[in-house]
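Q:
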Amino acid sequence: MQQLFRNPETFFFITEPTPCPYLHGKKERRLIADTRGCDESVVQSLLSDNGFRRSHDVLYTPFCEDCKACLPVRVRADLFMPSKSQRRVLSVNKSINVKKMGAHASTEQYSLFSKYQSTRHNNSDMSNMDFIDYKAMIEETSTNTCIFEFRNFNRLIAVCLVDEMIDGLSAVYSFFDPFYKKNSLGTMMILSLVNECKKNNLMHVYLGYWVQNSPKMSYKQNFSPLEYFNGSSWQDFDLLAT
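Each residue of the sequence shown is one higher than the last, beginning at 11 in the working numbering.
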């Protein structure tokens, strides 16, 4: 990892090229911000507003020389109104109880996480994570982090790891019981974060990166109004297609 530059609060590094997880045949590099030792919650909010994401105790953004396909996106929660299909998702899941709690790993969560990985991502690195790895993912955080648990008659069916920021919430990682595939729990979790923002007068739900022509990313464009970061400012996502 090459140190790029430093400011009084944050070190920045560039990683070596690795295979891109989204586009076949591409190489990925990341710009890493190490915020340890500073007011990390404030710095994360500032960096997230400039397209960064958190992983464990560092923040990163793609830094690929020949590709700009990864676009940070966020939902304007303050202006959001659910579509007809999203209202249907809310109706189907009206019996599900949502609980916000501290970022603490449990064996119950890990069991659901392992089930999700083996069903949906059995060839990924995450499918090999043991409980210690999972605990690190949940609890090694440099900012204010929480978990939203979703239960159906006390049965844990979905979990969303979330960072709390000055202007909104950042969805770090989520997983759900594959048995409930028809319930569209991924959509349900985002709608719950939007609702949480509305209740607390927060403007944005950060959804990470959107990649055109990547099926695993396409769901993000269903939340409108959506904004994307063009490298210098946030723009209306709908303008991307015009």
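The beta-carbon is built from N, C-alpha and C at its ideal position, and this holds for glycine as well.
1. Expressed to the nearest angstrom, what Euclidean distance is found between the alpha-carbon atoms of G241 and K78?
2. Note the first and the last residue of the continuous alpha helix (DSSP H) segment covering N138.
3. Quick check on this structure: which residue in F62, P72 and L179 has the alpha carbon closest to the alpha carbon of P29?
4. Measure how close the beta-carbons of L217 and V108 come, nearest whole angstrom, since I'm counting them as under 8 angstroms.
5. Write down the C-beta distance between C156 and M111 rounded to the nearest angstrom, noting that I regard them as a contact closer than 8 angstroms.
6. Please go through the stretch 134–203 and give each complete beta strand (DSSP E) segment of 3 or more residues, from N-terminal end onward.
7. Tell me the DSSP bridge mates of E38?
8. In the DSSP assignment, find the alpha helix (DSSP H) that holds Y126 and state where it starts and stops.
9. Quick check on DSSP: helix, strand or coil for M111?
10. Using only CA atoms, which one of I148, S194 and V68 lies nearest to R40?
11. Please classify Q245 as buried or exposed, where buried requires at least 16 neighbouring CB atoms within 10 angstroms.
12. Can you look up D44 in the DSSP assignment and give me helix, strand or coil?
13. Taking V221 and R64 to be in contact with their CB atoms under 8 angstroms, please state how far apart those CB atoms are, rounded to whole angstroms.
14. With H, G and I counted as helix, E and B as strand and the rest as coil, what does DSSP make of S65?
15. So, do the stretch 140–147 and the stretch 188–200 have three or more beta carbon pairs nearer to each other than 8 angstroms?
16. Using only CA atoms, which one of T25, H66 and F186 lies nearest to K125?
17. Would you say T25 lies against chain C (beta-carbon separation less than 8 angstroms)?
A: The relevant details are as follows:
1. Going by the C-alpha atoms only, they are around 10 angstroms apart.
2. It is not in any alpha helix (DSSP H) - N138 carries neither H nor E in the DSSP assignment.
3. Of the candidates F62, P72 and L179, the one whose C-alpha sits nearest the C-alpha of P29 is P72.
4. About 18 angstroms; that fails the 8 angstroms criterion.
5. 7 angstroms
6. 155–162, 165–174 and 178–186
7. T28
8. T117 to R130
9. strand
10. V68
11. exposed
12. strand
13. Not quite, the Cβ-Cβ distance comes to about 19 angstroms (not below 8 angstroms), so this is no contact.
14. strand
15. Counting C-beta pairs with one atom in each stretch, the stretch 140–147 and the stretch 188–200 have fewer than three that are closer than 8 angstroms, which means they do not touch.
16. F186
17. Absence of chain C from the displayed structure is noted, only one protein chain being present.
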